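Worksheet for the structure shown next.
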Amino acid sequence: MKKRIMLTLLLSSVFLVFGCVADGKSNKKSYEPPLGKSMNQSEIIKDLSMRENISFREAELKLFPNAEKLEEENQFRIISGTLEKATESNDHLIDLGKIYFYTLTTSSQNFRAIRQVLYASYTSKNQVFSGSLQYCLTDSNKIHYTLNGALYDGDRFTTSGIGKANLYEATFLNFNVPTESSCDQPIFIDKDICY
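Under mature numbering (1 follows the signal peptide of the UniProt record, and there is no 0), residues -22 to -1, 1 to 173 are what the sequence shown spells out, in order.
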């Protein structure tokens, strides 16, 4: 019950502002993701497409790289967490953005579980991340992740790596900034996120 209350509070306070590239300029868009809500396959693809400002087809290939046709009754959910780090004086926290895990889930009455992590995405408000994200589905309700790299000025990035992780499997994604830009701050976060 306590987990549900915490999840409800987290989900009710989540808003994401991200930049997209159009005509070489960064435009701000407001987007409220459908976190925690059960989604179908096309809805979860559309969400990743909007979040990373890529085409629907590119998002589909990231989530389902082998052109997998999944059962219609599958449930997909986005599990999200806010990333923060203390200032050097420890007087307040700096918001580093949000991490999103696109998951295949199952539920029935009082039971719910993550069957598979399909992909992960990290967004910072006005910067891009270059580095690595390793994550493991340590049990059916918990993802352990390590984010290691730095935030850079800019609005474009590329990803590579294997996004899928089944139960007890670990995987990684690399995020790269394609052009030289100035590093704003290093990031190292090692945490768990629960469903």
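We treat Cβ as the ideally placed atom computed from N, Cα and C, and that holds for glycine. Only a predicted model underlies this, so the values are computations on that prediction, with no experimental measurement involved.
Contacting residues, own chain, Cβ-Cβ under 6 Å from residue i (five flanking each side not counted)
i, result
"Cys161", "Ala128, Tyr130"
"Tyr97", "Lys40, Leu41, Tyr80, Gly141"
"Ala143", "Val95, Leu115, Thr149"
"Thr60", "Lys76"
"Thr137", "Leu151, Phe153"
"Asn126", "Gly109, Ser110, Phe166"
"Gly139", "Phe150, Leu151, Asn152"
Same chain only: Cβ atoms within 7 Å of residue i, ignoring 5 sequence neighbours per side
i, result
"Asp164", "Note on identity: in this sequence residue 164 is Pro, with Asp being the wrong assignment. Here the set comprises Ala128."
"Val(-2)", "Below a pLDDT of 50, predicted positions are generally treated as unreliable, and Val(-2), at 29, falls in that range; the measurement from the model is reported next regardless. Taken in chain order, the residues that qualify are Asn31, Asp133, Arg134."
"Leu145", "Leu115, Ser118"
"Ser159", "Tyr130, Asp131, Gly132"
"Ser102", "Leu74, Gly75, Leu129"
Simplified DSSP assignment, three categories, for residue i
i, result
"Glu38", "helix"
"Ile32", "coil"
"Glu62", "strand"
"Lys24", "helix"
C-alpha gap between residue i and residue j, whole angstroms
i, j, result
"Asp1", "Ser33", "Because the pLDDT at Asp1 is just 27, under 50, the model does not fix this residue reliably, and the value given afterwards should be weighed accordingly. Each residue's Cα considered, the two are about 16 Å apart."
"Ile167", "Tyr100", "12 Å"
"Glu38", "Glu62", "30 Å"
"Lys169", "Leu74", "14 Å"
"Arg35", "Ser86", "31 Å"
"Ile72", "Ile57", "21 Å"
"Lys120", "Ile171", "6 Å"
"Ser20", "Phe54", "10 Å"
Spatial neighbours of residue i in its chain, beta-carbon cut-off 8 Å, leaving aside the 5 residues before and after
i, result
"Thr157", "Gly132, Arg134"
"Lys24", "Phe34, Ala37"
"Leu26", "Ile32, Ala37, Lys40, Leu41, Tyr80, Tyr97, Ser99"
Checklist entry - Can you give, in chain order, each stretch of the beta strand (DSSP E) that sits fully within the stretch 66 to 114 and has at least 3 residues? => result Annotation: the stretch 66 to 114 contains the following complete segments of the beta strand (DSSP E) (minimum length 3 residues), in chain order: 71 to 86, 89 to 101.
Item to check | Meets three-Cβ-pair contact criterion under 8 Å: the stretch 62 to 71 and the stretch 91 to 109 | outcome: In short, these stretches do not touch, since the Cβ pair count stays below three.
Next on the checklist: For a minimum of 3 consecutive residues, which ranges assigned as the beta strand (DSSP E) are wholly contained in the stretch 132 to 171?
Outcome noted: The qualifying runs are 136 to 140, 148 to 154.
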